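Trainee:
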Amino acid sequence: MSEIKKNTVREPLFHLAKRSSIHPAAAWGIRLAAVVIGFILCGAAAFAMIEKLQQNPGKIVDFYESFIKGINTSNKSFLENRKLWAFFKETAILLCISLAVTPAFKMRFWNTGAEGQTLMGVLGAIGVAFYLKDSVPGWALLLLMLVGALVCGAVWAVIPALFKAKWNTNETLFTLMMNYVATFLVSYFLVIWVPSGSSSLGKLDIQKLPVIPVSKTSSINDSFLITLIVLILTGLLFVYLKYSKQGYEISVVGESVRTAQYSGINVKKVIIRTMLVSGLLCGVAGYLIGAGLDQSVTTESVGGQGFTAIMVSWLAKFNPLVMILTSALITVLGAGAEQITKTFNVRGALPDVFVGIILFCIIGSEFFINYQIIFRKKAVDGEKEAVK
Amino acid sequence: MDKKIALSMRGITKRFGKVIANHRVDLDVYEGEVLAILGENGCGKTTLMNMIAGIYFPDEGKIYKDGEEVVIRSPKDAFELKIGMIHQHFKLVDLFTAAENIVLGVEENGRYNLKDVNSRVSEIAQKYGFHIDPQKKIYDMSVSEKQTVEIIKVLYRGADILILDEPTAVLTPQEIEKLFRVLRRMREDGKSIIIITHKLHEVLSVSDRVAILRKGEHIATVNTCDATESSLTEMMVGQKVSLNIERNRPWDPVPRLEVKHINCRDAEGVQVLKDISFTVNAGEILGIAGIAGSGQKELLEAIAGLQHLTSGEIIFNNPKKDKPVTFFHKSMRRVKELAAQDAFHDQMGNPISFQGMSRGQIRRQVSEGAVLFREDEVIDLRHKTPLQIRELGVRLSFVPEDRLGMGLVGSMGITDNMMLRSYRKGHAGFVDRKKPKALAEEIIKELEVSTPGVNTPVRRLSGGNVQKVLVGREIAFAPKVFMAAYPVRGLDINSSYTIYRLLNRQKESGVAVIFVGEDLDVLLALCDRILVINSGEVTGIVDARTVTKEEVGLLMTKTNASEKEEA
Chain D
0 MSEIKKNTVR
10 EPLFHLAKRS
20 SIHPAAAWGI
30 RLAAVVIGFI
40 LCGAAAFAMI
50 EKLQQNPGKI
60 VDFYESFIKG
70 INTSNKSFLE
80 NRKLWAFFKE
90 TAILLCISLA
100 VTPAFKMRFW
110 NTGAEGQTLM
120 GVLGAIGVAF
130 YLKDSVPGWA
140 LLLLMLVGAL
150 VCGAVWAVIP
160 ALFKAKWNTN
170 ETLFTLMMNY
180 VATFLVSYFL
190 VIWVPSGSSS
200 LGKLDIQKLP
210 VIPVSKTSSI
220 NDSFLITLIV
230 LILTGLLFVY
240 LKYSKQGYEI
250 SVVGESVRTA
260 QYSGINVKKV
270 IIRTMLVSGL
280 LCGVAGYLIG
290 AGLDQSVTTE
300 SVGGQGFTAI
310 MVSWLAKFNP
320 LVMILTSALI
330 TVLGAGAEQI
340 TKTFNVRGAL
350 PDVFVGIILF
360 CIIGSEFFIN
370 YQIIFRKKAV
380 DGEKEAVK
Chain L
0 MDKKIALSMR
10 GITKRFGKVI
20 ANHRVDLDVY
30 EGEVLAILGE
40 NGCGKTTLMN
50 MIAGIYFPDE
60 GKIYKDGEEV
70 VIRSPKDAFE
80 LKIGMIHQHF
90 KLVDLFTAAE
100 NIVLGVEENG
110 RYNLKDVNSR
120 VSEIAQKYGF
130 HIDPQKKIYD
140 MSVSEKQTVE
150 IIKVLYRGAD
160 ILILDEPTAV
170 LTPQEIEKLF
180 RVLRRMREDG
190 KSIIIITHKL
200 HEVLSVSDRV
210 AILRKGEHIA
220 TVNTCDATES
230 SLTEMMVGQK
240 VSLNIERNRP
250 WDPVPRLEVK
260 HINCRDAEGV
270 QVLKDISFTV
280 NAGEILGIAG
290 IAGSGQKELL
300 EAIAGLQHLT
310 SGEIIFNNPK
320 KDKPVTFFHK
330 SMRRVKELAA
340 QDAFHDQMGN
350 PISFQGMSRG
360 QIRRQVSEGA
370 VLFREDEVID
380 LRHKTPLQIR
390 ELGVRLSFVP
400 EDRLGMGLVG
410 SMGITDNMML
420 RSYRKGHAGF
430 VDRKKPKALA
440 EEIIKELEVS
450 TPGVNTPVRR
460 LSGGNVQKVL
470 VGREIAFAPK
480 VFMAAYPVRG
490 LDINSSYTIY
500 RLLNRQKESG
510 VAVIFVGEDL
520 DVLLALCDRI
530 LVINSGEVTG
540 IVDARTVTKE
550 EVGLLMTKTN
560 ASEKEEA
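Line by line, the protein sequences give chains D and L. Using numbering that gives the first Met the number 0, the first residue of the first sequence is number 0, and each one after it goes up by one. Using numbering that gives the first Met the number 0, the first residue of the second sequence is number 0, and each one after it goes up by one.
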């Protein structure tokens, strides 16, 4: 062999190795570091892009403050702080949809149709209200609306599950396409329901959800109820996935269909049943939006939260309790982004860049949790020997 | 020794993360010899050879070829040094012919002339005694023919050091003999042959010297003529191991499982089981021998209810005469069904029909043990799902070939894996983890499973420990029929013998054991009878105490098809 070859670099500067295990505290440390790095990078990006900041670098404090101001502006007490409760409510809705996609994800059934399933829930609730609001009493209407929301959400989720179980169709594309069908169904009904042709249905005059009066402000009471319901659902889903027989079956099917068949699990049944759970939870989310907040439906009722929910669920590694954190984080970022547009008077798209940077860092940190970087060791010695 | 050293390694170390695959290995290979690299699974044999073949790069140490230090950074470098490796898993293009595969990647000047290649291939084949048709497509070839192509490919490139990684694993005894004859001729031609193996008798029959590796370290290199099976094992394992598998005569062998004329097609519609019939008796071990992929997997899966049969019957004889009915695996519906068929009597011999009794009353009677079977149960397992089979009270244990992909859930701990069979128990909607946890702890203790804890994902355990967990669970199920597919594949010697002992204990407690194996020596030593299967057909059922390895080998390649057509 030639001399040249002997002296060339033997090993790359660093290589990656999969970690065999990592201490949970270390993993959370890495995630926290990722958030911090994300915010620092955001600051840098903001400095590069926002003129106001370049003129007055001290404003960077305002920039970071926006993320807190986005959810909390006033010094009002906890139960009277409207903005804070609006944040809780938004988080709750997002969390509810995230809960919905989670059982399917645990089963490795990539349900990208939560948007449509939730929208169908809204449509179901409002449809019932539209046709029956004059013929049944208010409380019965609220119940019927719930039934309508649950049925519509469930049907929208079970259709792709049936196709998957029967013919092994690709669930990702199927559920994604179902979103569009749901959107157009809403458009269709709006044309029928709104004779004026404006296709925008005003708030229906129906009874609101009963409230637990914790505050003098009625909007806070609404938020309180929704937050409470979703927190209860979170606990229930956590128990369902971790301690129930059905939850165990979901984990086995998700890990290996062959193992599931071997152990006598009816895989088709589990797929359909799990998507039914998913759809019902989407129905609940739709009901909370339709009956609890909007009393109306538009094609934008869910507003993309069905897709955001996928990220919430993934970031939490499909753990419902951790999802409280991740959904809150994403809502904080969204609210902060909105606040930045106001504070710095910039276009709406720019803050989304910041949200993207932070999420990128958080998702990217998973890589460092799973892998470690090993730098070249003793390379110098090795080369010295080779030279000798 | 007057022979010339062809290749030597000095202080070779290779680490994968924290795992040290090879630690300061020194090794010499002479010209014109067969050197066996012997060691248990995972001791670093293949890693070491991969460093000569340019697949891995050593972390430390030097390699010398013909006395000159060399750096081998890629398989191409290795070829230039005339080193060629035949991997365990062949790397051939199925749609190409043998000759096309052989020239693939060879950089030669001049025009590409397939005729020329064909004649050169034939020349090499003739020289060393291969049989090969250069024009034959790979997909038409048997495993042994493919291996021949791989070897010629390496020779065609002018290699004078050949490394063969576990070349005999997939061959029949006859094919192994043929391969060894070829290797001996190559040795006479002055080539150095390195053969990686963990089979002792092969080492003794073909090699000149043996290098023994243990846990990544080079223990010793000895001349084969000075070695015995037990001395080699001792060096391999690091302690004395008794290589005897005990085998008692089955006592009271009654037919437990009768497979009658079953046929089965796979998802592509190819017939994978053809008219298979056999009986397994209680208290015996029935071995199943055959070339890999001859239908062993499908056969076991058919019995376990995981393959759809096109025809045939699988009869399970449940020795239940005068034994109490239990709800352990029987549903209320099934108990009622059987009562309607007048299958039960009480201790006095009077029939029980459960007429006019509520579910609670029936449940009480059964749990008191007052309901006895009148006769042995005869159950047809055909077209039953695994769950239905269990609900019928058939205690069928199955250790599948794919342990983590089918038998266990890799991401779950031992406790949760124990639940796989039993989680349905009880009426509550929630799983009970107490009993599975106790079982997990018992298995860890009894079978000496080394694991950080009951909740460590089983994927992180070593192959031997994974298998102990799986076999332990299946035995805890108190089976009447115990099926195991390649249960010792990838296991070290001590773990393997633990598994053999467990199978023997099952046999002695009256279980019908079906053991699919690949090592004929083990099959011959452990089993009572051996069923030989080839291309989905039974080619013979022989007495394991009297049959020879060669006879089994012949049956493994025998085809019934031609005879049948004539008949």
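Ideal Cβ positions, reconstructed from N, Cα and C, are used throughout, including at glycine. Remember, predicted model here, so these are calculated numbers, not experimental data.
Looking at chain L, is there any beta carbon in it that lies within less than 8 Å of the beta carbon of R30(D)?
Mentor: One-based indexing of the first sequence puts residue 30(D) at position 31. So, not an interface residue.
Trainee: Would a check of beta-carbon distances place V430(L) closer than 8 Å to chain D?
Mentor: Counting from 1 along the second sequence, the entry for residue 430(L) is found at position 431. Chain D, which has a Cβ nearer than 8 Å to the Cβ of V430(L), makes this yes.
Trainee: Using a Cβ cut-off of 8 Å (strictly closer), state whether V28(L) contacts chain D.
Mentor: Residue mapping note: residue 28(L) aligns to position 29 of the second sequence, counting from 1. Not closer than 8 Å to any Cβ of chain D, the Cβ of V28(L) fails to qualify, so no.
Trainee: Give every residue of the same chain whose Cβ lies closer than 7 Å to the Cβ of V448(L), excluding the five residues on either side of it in the sequence, and list them in chain order.
Mentor: Residue 448(L) sits at position 449 when you count from the first residue of the second sequence. These residues qualify, in order along the chain: I442, N464, K467, V468.
Trainee: Measure the CB-CB distance between F46(D) and Q53(D) and report whether it falls below 8 Å.
Mentor: Here residue 46(D) refers to the residue found at position 47 of the first sequence. Here residue 53(D) refers to the residue found at position 54 of the first sequence. Yes, the pair counts as a contact, with Cβ atoms nearer than the cut-off.
Trainee: Of the residues that make up the segment 375-386 of chain L, which ones have a beta carbon closer than 9 Å to any beta carbon in chain D?
Mentor: Taking 9 Å as the Cβ-Cβ cut-off against chain D, the residues of the segment 375-386 of chain L that qualify are T384, P385, L386.
Trainee: Applying the 10 Å Cβ sphere with the 16-neighbour rule, what's the burial state of C526(L)?
Mentor: Locating residue 526(L) in the second sequence gives position 527, counting from the first residue. Its Cβ being crowded by 16 or more others within 10 Å, C526(L) is buried.
Trainee: By the criterion of Cβ-Cβ separation under 9 Å, what are the contact partners of M50(L) in chain D?
Mentor: In the second sequence, counting from the first residue as 1, residue 50(L) sits at position 51. Those do not exist, as M50(L) stays about 12 Å from chain D at its closest Cβ, beyond 9 Å.
Trainee: Could you tell me how far apart the beta carbons of I313(L) and V334(L) are, in whole angstroms, since I believe they sit closer than 8 Å?
Mentor: Translated into positions along the second sequence, residue 313(L) becomes position 314. Translated into positions along the second sequence, residue 334(L) becomes position 335. Their Cβ separation, rounded to whole angstroms, is 23 Å, which puts I313(L) and V334(L) out of contact at 8 Å.
Trainee: So is Y370(D) in contact with chain L if we call contact Cβ pairs under 8 Å?
Mentor: By one-based count along the first sequence, residue 370(D) stands at place 371. Chain L, which has no Cβ nearer than 8 Å to the Cβ of Y370(D), makes this no.
Trainee: Where do the ends of the beta strand (DSSP E) carrying T538(L) lie?
Mentor: Taking the first residue of the second sequence as position 1, residue 538(L) is located at position 539. Start and end: 536-542.
Trainee: Does T273(D) come within less than 8 Å of chain L when only Cβ atoms are used?
Mentor: Counting from 1 along the first sequence, the entry for residue 273(D) is found at position 274. It does not: the Cβ of T273(D) has no partner Cβ on chain L nearer than 8 Å.
Trainee: Three or more C-beta pairs under 8 Å: does that hold for the segment 112-120 of chain D against the segment 176-194 of chain D?
Mentor: They touch, by the three-pair rule.
Trainee: Let me know the secondary structure DSSP gives S121(L) once reduced to three states.
Mentor: Reading the second sequence from its first residue, position 122 is the one you call residue 121(L). Correct three-state label for S121(L): helix.
Trainee: Alpha carbon to alpha carbon, how far is A25(D) from Q371(D)? Give it in angstroms, no decimals.
Mentor: Walking along the first sequence from the start, residue 371(D) turns up at place 372. Walking along the first sequence from the start, residue 25(D) turns up at place 26. Rounded to whole angstroms, Q371(D) to A25(D) spans 12 Å at the Cα level.
Trainee: Suppose the cutoff is 7 Å on Cβ atoms and the five residues either side in sequence are ignored; what does the same chain contact list for Q260(D) look like?
Mentor: Taking the first residue of the first sequence as 1, we reach residue 260(D) at position 261. Within the same chain, Q260(D) has close Cβ partners V266.
Trainee: If we ignore side chains and look at the alpha-carbon of each, how far apart do I59(D) and C360(D) end up?
Mentor: The count along the first sequence starts at 1 and reaches residue 59(D) at position 60. The count along the first sequence starts at 1 and reaches residue 360(D) at position 361. Taking the straight line from one Cα to the other gives about 20 Å.
Trainee: Cβ of G404(L) less than 8 Å from any chain D Cβ?
Mentor: Taking the first residue of the second sequence as position 1, residue 404(L) is located at position 405. G404(L) counts as touching chain D.
Trainee: Could you give the residue range of the beta strand (DSSP E) that holds K320(L)?
Mentor: Position 321 of the second sequence holds residue 320(L). Here K320(L) belongs to no beta strand (DSSP E), and DSSP marks it neither H nor E.
Trainee: Jot down the residue ranges of each uninterrupted alpha helix (DSSP H) in the segment 274-324 of chain L, minimum 4 residues, whole runs only, in chain order.
Mentor: DSSP runs (the alpha helix (DSSP H)) wholly in the segment 274-324 of chain L: 295-302.
Trainee: Taking C-alpha atoms, which residue in D520(L), K548(L), R184(L), L113(L) lies nearest to L199(L)?
Mentor: Within the second sequence, residue 199(L) is the residue found at index 200, counting from 1. The candidate whose alpha carbon is nearest that of L199(L) is D520(L).
Trainee: Which residue wins for smallest C-alpha separation from D321(L), given the options V370(L), P254(L), S276(L)?
Mentor: Indexing the second sequence from 1 puts residue 321(L) at position 322. Among V370(L), P254(L), S276(L), the Cα nearest to that of D321(L) is on V370(L).
Trainee: Could you work out which residues of chain L lie near T258(D), taking near to mean beta carbons separated by less than 8 Å?
Mentor: Here residue 258(D) corresponds to residue number 259 of the first sequence, with the count starting at 1. The contacting residues are G404, M405, G406, L407, V408, L419.
Trainee: Which class does F374(D) belong to by DSSP, given the choice of helix, strand or coil?
Mentor: Your numbering for residue 374(D) matches position 375 in the first sequence. Note: F374(D) maps to strand in three-state DSSP.
Trainee: Kindly provide the ranges of any beta strand (DSSP E) runs that are 3 or more residues long and lie completely inside the segment 116-187 of chain L, ordered along the chain.
Mentor: Counting only runs of 3 or more, we get 160-164.
Trainee: V24(L) and A5(L) - do their beta-carbons sit closer together than 8 Å?
Mentor: As a working note, residue 5(L) is residue 6 in the second sequence. As a working note, residue 24(L) is residue 25 in the second sequence. No, the Cβ-Cβ distance between A5(L) and V24(L) is not below 8 Å.
Trainee: At the level of alpha carbons, what is the spacing between K576(L) and M555(L)?
Mentor: With chain L running from 0 to 566 in the structure shown, residue 576(L) is simply not present.
Trainee: DSSP three-state call for T7(D): helix, strand or coil?
Mentor: Start at 1 with the first residue of the first sequence, and residue 7(D) comes out as number 8. With a pLDDT of 45 at T7(D), under the threshold of 50, the modelled position of this residue cannot be trusted, and the question is left open.
Trainee: Can you grab the Cα-Cα spacing for the pair F13(D) / I271(D), in whole Å?
Mentor: In the first sequence, the residue the question calls residue 13(D) occupies position 14. In the first sequence, the residue the question calls residue 271(D) occupies position 272. Near 47 Å, if we compare the C-alpha coordinates of I271(D) and F13(D).
Trainee: State yes or no: is the C-beta of N49(L) within less than 8 Å of the C-beta of E245(L)?
Mentor: Translated into positions along the second sequence, residue 49(L) becomes position 50. Translated into positions along the second sequence, residue 245(L) becomes position 246. No; because the gap between Cβ atoms is not below 8 Å, this pair is not in contact.
Trainee: Start and end of the beta strand (DSSP E) containing S229(L)?
Mentor: Numbered from 1 along the second sequence, position 230 holds the residue referred to as residue 229(L). Premise fails: S229(L) lies in the alpha helix (DSSP H), 228-236, not in any beta strand (DSSP E).
Trainee: Once the 5 residues before and after I19(L) are set aside, which same chain residues still bring their CB inside 6 Å of it?
Mentor: As a working mapping, residue 19(L) is identified with position 20 in the second sequence. Here the set comprises G215.
Trainee: Which first and last residues belong to the beta strand (DSSP E) in which D25(L) is found?
Mentor: Start at 1 with the first residue of the second sequence, and residue 25(L) comes out as number 26. Where D25(L) is concerned, the enclosing beta strand (DSSP E) stretches over 18-29.
Trainee: What does a CB cutoff of less than 6 Å around L280(D) pick up in its chain, not counting 5 residues either side in sequence?
Mentor: The sequence position of residue 280(D) within the first sequence is 281, counting from 1. Within the same chain, L280(D) has close Cβ partners L98, A99.
Trainee: Hey, out of V365(L), E517(L), I62(L), Y138(L), whose CA is closest to T96(L)'s CA?
Mentor: Taking the first residue of the second sequence as 1, we reach residue 96(L) at position 97. Nearest of V365(L), E517(L), I62(L), Y138(L) to T96(L), Cα basis: Y138(L).
Trainee: Enumerate, from N- to C-terminal direction, the unbroken alpha helix (DSSP H) stretches of 4 or more residues contained entirely within the segment 58-108 of chain D.
Mentor: The qualifying runs are 59-68, 81-105.
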